[in-house]
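By the count of the numbering used here, the sequence shown reaches residue 580 at its end, each step adding exactly one.
Reading through the C-alpha cells given below for one structure.
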Amino acid sequence: MKILKFGGTSLGDAARIRHAAEIAGRQENCVVVCSAMAGVTNKLEEVNYHWQIGENARAADVLQLIQNRFEVQCRELFPDESHFIEILMVLRKLFQPVHKYLQKKYKGARSGEVLALGEIATSRLFHEYLNYTGISSGFVNITGIIQLNAQEEPVVKDITKRMHAMGAFREPGIYITQGFICRDSGGRITNLKRGGSDYTATLLGAALHAGSIEIWTDIDGLHNNDPRFIQDTLPIPELSYAEAAELAYFGAKILHPSCVWPARESNIPILLKNTFQPEAQGTLINSHIVPDGIRAVAAKDNITIIRVASGRMFNAYGFLKNLFAIFDRFRIPVDVVTTSEVSVSLTIEDTSRLEEVCDELRKLGRVSVESRQAIVCIVGNINPFLAEILHAVKPFHIRMVSLGASANNVTLVLPYEQKVPALMSLQNLLNHSKITTPDPCIQLQA
Ligand code: ASP
Ligand code: MG
C-alpha cells in the first residue's frame, strides 16, 4: 500500500485534477489524500470570519463564490450533461448544510465543519472524476478514522484501531480520502492545523504500514534555501528524517511541521514530488544520513524572544522545571532555548497569552521580551562548518545561537528584517561549500 497526497495546487482546477487522476490511476493499491483546491481554505476562513462578526450575508456570498468555483471545475470535468448534473447535485448537497448554518447566529462549534468543506468537496470531485474515467475508487470519510486524543493530538494507534473497526482500506484498490480534517476529542469536526494534509498522509501511512508516502506538490522537492526569497536554490535529493523535520518546523513551507514523525517512527520513506514536473527527482526523506556538509537553510518569522534572568538560577536545581511548567500550563510550545548560568532565553510563536505568561515568569526572575524576530535554521553535518556559518552571519545582530547535541542543525535567532540578508549570505556558503568532508564513520572503517 502506498499513500499519495495531492496538495491544493495539484488539485487547483479541472486540468490539475485530470493530471493528478492520471498519477493516481497508475497505482493498484493506494490511499489518495486530497487537500482542498488551492485558496479554498483561505476563503472558508473568510466565511467563518464574516459569520462570526455577524455579517451573515457576506459570509454566504463568499461561500457561494467557492461553490461556483467547484461547479465550474465540475462542468469541465464532466462534459456530458447527465454526469455533470449528477455530480453537480452531489456538490450542492455538500454545500447545503453550511448555507443553512450561515442563516443563523455564529456557532464556534460549527466553524470546523465550514473549514472542512474544502477537503470534502475536492476529494469528492476527484473520486467522482476517477470513477468517471473508469478507475474505480473507494471514498472514505476520514473524520470517521482520525479523532484527536484528550490532548487534542492525533495518535497512530487510535487511528489504526478505528480503521480496523470500520474495515476501511481493507480490500486492495484505490481509495480517496481527505487530508487536514478530523474530529476533536469531543467528536466535533476540526483539523490538524493549516497545511495539515501532509500530516494526515503520514499518520495514515504509519497506521497502514505503507511502503511509501508520496507528497505531490507544486515544487520539485525541498529546496536548500527559501525559494520565495532566494533565486538560485536547488532541490535536495535526499534528507534524513531529522533534517527534514528541522527544516519543516523552522520554516520550509512545503511540509507540515509535524508530518515527519509518524513516518520516521515507522521508517516509511516520504517522497516529495512535483505534479508540474513529475519526471523531476524530488526529495526522498528516509533514515539514511547523507555524509554531506551544510544541506539546507530555512527560516520563519513572527518569533518572540523571552529572557528570564535570575540569581536564583545560579547553582540551583528545579529552576528550568518551574520555568517550563509555566509554558506547559498555557500550552505554548517553546522552539529555541539557550541558557547561561543566570539567564534563560527562549522563543515562542504563539503570543496570544504573552502578558499572562510574563506575569507568571516574573515570579522567577527579571523578564524581558523582544518581538519581531526570525529563526534561521541550518541543517546538515554542521560541526565542521560552524566557523564558516558564524562568519557568514557576522554582519547581523544574532540574538540566540543553539547547536543541538545531534549536530544536525544550528539555529539562529535574529531581527526579522535581517532574515533575508542572512539567508542570502548563507546561500553563498551553500553554493561554495559543495562539501566533501569525509563521513566520520567511513573514516573509522578505513
Ligand atoms: N487545505 C488546508 C490548508 O490550506 C490543508 C492543506 O492544504 O494541507 O491549510
Ligand atoms: Mg501544504
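Glycine included, each C-beta is placed from N, C-alpha and C at the ideal position.
Remember, it's a predicted structure, so these values are computed and weren't measured experimentally.
Would the C-beta of residue i count as close to the ligand MG, meaning under 7 Å from any of its heavy atoms?
i           : result
residue 589 : Residue 589 falls outside the range modelled here, since the chain spans only 135 to 580, and no answer is possible.
residue 352 : no
residue 360 : no
Between the alpha carbons of residue i and residue j, how many angstroms are there, rounded?
i           : j           : result
residue 256 : residue 470 : 37 Å
residue 314 : residue 332 : 8 Å
residue 295 : residue 317 : 15 Å
residue 276 : residue 356 : 27 Å
residue 460 : residue 536 : 22 Å
residue 262 : residue 501 : 57 Å
residue 157 : residue 204 : 21 Å
residue 167 : residue 403 : 16 Å
residue 272 : residue 394 : 26 Å
residue 210 : residue 308 : 23 Å
residue 586 : residue 346 : Absent from the model: residue 586. The displayed extent of the chain is 135 to 580, so no value can be given.
residue 571 : residue 507 : Its pLDDT being 40, under 50, residue 571 is placed unreliably by the model, and nothing is read from it.
residue 202 : residue 178 : 13 Å
residue 187 : residue 216 : 40 Å
residue 421 : residue 525 : 31 Å
residue 558 : residue 364 : 7 Å
residue 334 : residue 399 : 15 Å
residue 467 : residue 265 : 44 Å
Hey, would you say the C-beta of residue i is under 7 Å away from at least one heavy atom of the ligand ASP?
i           : result
residue 433 : no
residue 329 : yes
residue 252 : yes
residue 314 : yes
residue 144 : no
residue 169 : yes
residue 332 : yes
residue 336 : no
residue 277 : no
Taking the Cβ atom as the reference point for each residue, do residue i and residue j lie within a distance shorter than 8 Å?
i           : j           : result
residue 433 : residue 509 : yes
residue 516 : residue 560 : no
residue 429 : residue 499 : no
residue 351 : residue 141 : yes
residue 164 : residue 136 : yes
residue 369 : residue 416 : yes
residue 518 : residue 427 : yes
residue 247 : residue 323 : yes
residue 397 : residue 340 : yes
residue 279 : residue 300 : yes
residue 476 : residue 443 : yes
residue 581 : residue 564 : Nothing in the structure corresponds to residue 581, since the chain is present only between 135 and 580.
residue 236 : residue 193 : yes
residue 440 : residue 503 : yes
residue 377 : residue 542 : yes
Between which two residues does the beta strand (DSSP E) carrying residue i extend?
i           : result
residue 392 : Element bounds for residue 392: n/a, residue is neither H nor E.
residue 137 : 136 to 140
residue 171 : Unbroken run through residue 171: none, as it is neither H nor E.
residue 401 : Premise fails: residue 401 is in no beta strand (DSSP E) and is neither H nor E.
residue 334 : Premise fails: residue 334 lies in the alpha helix (DSSP H), 331 to 341, not in any beta strand (DSSP E).
residue 418 : 417 to 420
Can you pull the DSSP bridge partners for residue i?
i           : result
residue 472 : 479
residue 357 : 369
residue 286 : Paired residue(s): none; residue 286 is not in a bridge.
residue 350 : 140 and 407
residue 232 : Partner(s): none; residue 232 has no beta bridge.
residue 273 : 310
residue 549 : 507
residue 536 : 545
The alpha helix (DSSP H) that contains residue i, what's its start and end?
i           : result
residue 462 : 453 to 463
residue 554 : 553 to 566
residue 246 : 245 to 266
residue 383 : 375 to 383
The ligand COA and residue i: does any heavy atom of the ligand fall closer than 7 Å to the residue's C-beta?
i           : result
residue 409 : Here the bound small molecules are the ligand ASP and the ligand MG; the ligand COA is not part of this structure.
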